[in-house]
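What follows is a short report on a single structure.
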Amino acid sequence: MTTAQNVVEVRDLRKTYGDTAAVDGVSFDIHRGETFALLGPNGAGKSTTIEILEGYRRRTSGEVRVLGADPERAGLDWKARLGIVLQSSGEVGAVTVREQLAHFAALYPNPRDVDEVIGAVGLEEKAGALIRKLSGGQRRRVDVAVGIIGRPELLFLDEPTTGFDPEARRSFWALIRQLQGEGTTILLTTHYLDEAAQLGDRAGIIASGRMVDLAPIGELGGADARIPIVRWVEQGGVREERTHAPAAVAAALIDRLGGEPEGLEVIRPSLEDVYLDLVGHEHADDLAPETLTETRA
Ligand SMILES: Nc1ncnc2c1ncn2[C@@H]1O[C@H](COP(=O)(O)OP(=O)(O)OP(=O)(O)O)[C@@H](O)[C@H]1O
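Listed below in structure tokens is the structure:
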């Protein structure tokens, strides 16, 4: 059973497709009120994990508790306590934004106000527009609106801002902060590490179906991962030293070499550096670029 502090408990979760282990023994908890970011390269097993927690996929083995219930056996009352933003909704309905939200609001016992939610996702000017006439980024905002209309206790956001322009992402972040302030527990997957850093309390990093690290975002990679690195070239070879005192190391180098060291740089590892050290630098291309232009449908 989930404890009062844990909204989600996952123990040794496995999901295999034929011979392929999509999720290969993953364990983690999500505490009430926290935002947990699940990060990892394409095909790592994030969506499979989320869909098992949502009750959309059956697990091969392991234990899962979400809001005190096993998602494979939970009923509609349980589902009404979840908010779900799938990776892609495929929603192209011939209804307006307001009609769509009113439709979903009617399914929940204590929904948010439709126009308030439309405002929160920045679609006031499109409230009367047909969803199929919206841009990709605008449709994504409708997905997010549908996910929060039922005032969920636990919100699943699977790559929620894909296709958002930078301004839309910033207003989305403000919306999520508002939900966090109201005590909503959130499970987020994203390929934007800055988004994870902005919104997440803790993160789990999955690679090839396994959890390779799980920690508060600022502590991923372990205590030494963020220590600055002084790098320089000496006698044709690249040298480096990890140090909390990069200026002193550089000064000592200048002293020893009798001048400016060749190629001197001080590197402060970013979240991206730490992440790529954990999952492998060959996955750098899976990370979302800092800015994406909104895609037109
Ligand atoms: N229905 C399925 N049948 C067979 N294999 C599947 C199925 N669904 C997912 N997989 C495989 O399981 C693995 C994990 O996929 P999953 O979608 O969970 O990854 P992900 O981390 O969400 O990736 P992405 O970031 O690209 O969304 C992949 O190798 C994928 O090809």
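Heads up: the sequence shown is residues 1 to 297, going by UniProt numbering. Positions of the beta carbon are idealized from the N, C-alpha and C atoms, including for glycine.
#1: Taking the continuous beta strand (DSSP E) assigned at Thr189, which residues delimit it?
#2: So the candidates are Arg170, Leu187, Gly259; which of them puts its Cα closest to the Cα of Ala120?
#3: Quick one: what does DSSP say Ile107 is sitting in, helix, strand or coil?
#4: Just to confirm, are Leu271 and Leu193 a CB contact at a threshold of 7 Å?
#5: Does the structure place the stretch 72-82 close enough to the stretch 118-138 that three or more beta carbon pairs sit under 8 Å?
#6: Grab the span of the beta strand (DSSP E) containing Leu155 for me, first residue to last.
#7: Would you report the Cα separation of Ala145 and Pro216, rounded to the nearest angstrom?
#8: Could you name each continuous alpha helix (DSSP H) segment of 4 residues or more that falls completely within the stretch 204-284, going from the start of the chain to the end?
#9: Considering just the uninterrupted stretch of the alpha helix (DSSP H) at Ala120, what are its terminal residues?
#10: Should Ala22 be counted as a contact of ligand 1 given a C-beta to heavy atom distance under 6 Å?
#11: Of the residues Ala44, Arg14, Ala22, Arg65, which one's Cα is nearest the Cα of Asn6?
#12: Express the C-alpha separation of Asp201 and Pro261 in angstroms, rounding to a whole number.
#13: Please state if the CB of Arg112 and the CB of Ile149 are separated by a distance shorter than 7 Å.
#14: Secondary structure at residue 377, three-state DSSP: helix, strand or coil?
#15: Closest to Ile206 by C-alpha separation, out of Leu253, Ala102, Thr243, Ala44, would be which residue?
#16: Given a threshold of 16 other Cβ atoms within 10 Å of its Cβ, counted over all protein chains shown, does Val238 qualify as buried or as exposed?
#17: Taking contact to mean 3 or more Cβ pairs, one atom from each stretch, closer than 8 Å, check whether the stretch 177-187 and the stretch 227-243 are in contact.
#18: Roughly how many whole angstroms lie between the Cα atoms of Glu9 and Leu101?
#19: Can we count Ala44 as close to ligand 1, meaning its CB is less than 6 Å from some heavy atom?
#20: Determine the DSSP secondary structure at Ser88, reduced to helix, strand or coil.
#21: Taking Cβ to Cβ, would you say Gly147 is nearer than 7 Å to Val85?
According to the structure data:
#1: It spans 185-189 - the beta strand (DSSP E) in which Thr189 sits, taken as one unbroken run.
#2: With distances taken between CA atoms, Ala120 lies nearest to Arg170 out of Arg170, Leu187, Gly259.
#3: The sequence given here places Leu at residue 107; Ile does not occur at that position. Three-state DSSP puts Leu107 in coil, outside helix and strand.
#4: Cβ distance < 7 Å, so Leu271 and Leu193 count as in contact.
#5: Contact between the stretch 118-138 and the stretch 72-82 is absent: fewer than 3 CB-CB pairs across the two stretches fall below 8 Å.
#6: For Leu155, the uninterrupted beta strand (DSSP E) run begins and ends at 154-158, by DSSP.
#7: Taking the straight line joining both Cα atoms gives about 28 Å.
#8: Runs of the alpha helix (DSSP H) inside the stretch 204-284: 246-257, 271-279.
#9: Membership of Ala120 in the alpha helix (DSSP H) is indicated by the continuous run 114-120.
#10: Result yes, Cβ under 6 Å from ligand 1.
#11: From the listed residues Ala44, Arg14, Ala22, Arg65, the smallest Cα separation to Asn6 is found for Arg65.
#12: Distance between the alpha carbons of Pro261 and Asp201: 40 Å.
#13: Yes, Cβ-Cβ distance for Ile149 and Arg112 is below 7 Å.
#14: In the structure as shown, the chain begins at 1 and stops at 297. Residue 377 is therefore absent and cannot be evaluated.
#15: That would be Ala44, whose Cα lies nearest to the Cα of Ile206.
#16: Flag for Val238 reads exposed.
#17: Taking a cut-off of 8 Å for Cβ pairs, the stretch 177-187 and the stretch 227-243 do not touch, as fewer than three such pairs fall below it.
#18: In a straight line, the C-alpha of Glu9 is about 31 Å away from that of Leu101.
#19: Yes; taking the cut-off as 6 Å, the Cβ of Ala44 has a heavy atom of ligand 1 nearer than that.
#20: In this structure, Ser88 counts as coil in the three-state DSSP scheme.
#21: Pairing Gly147 with Val85 gives a Cβ-Cβ distance under 7 Å.
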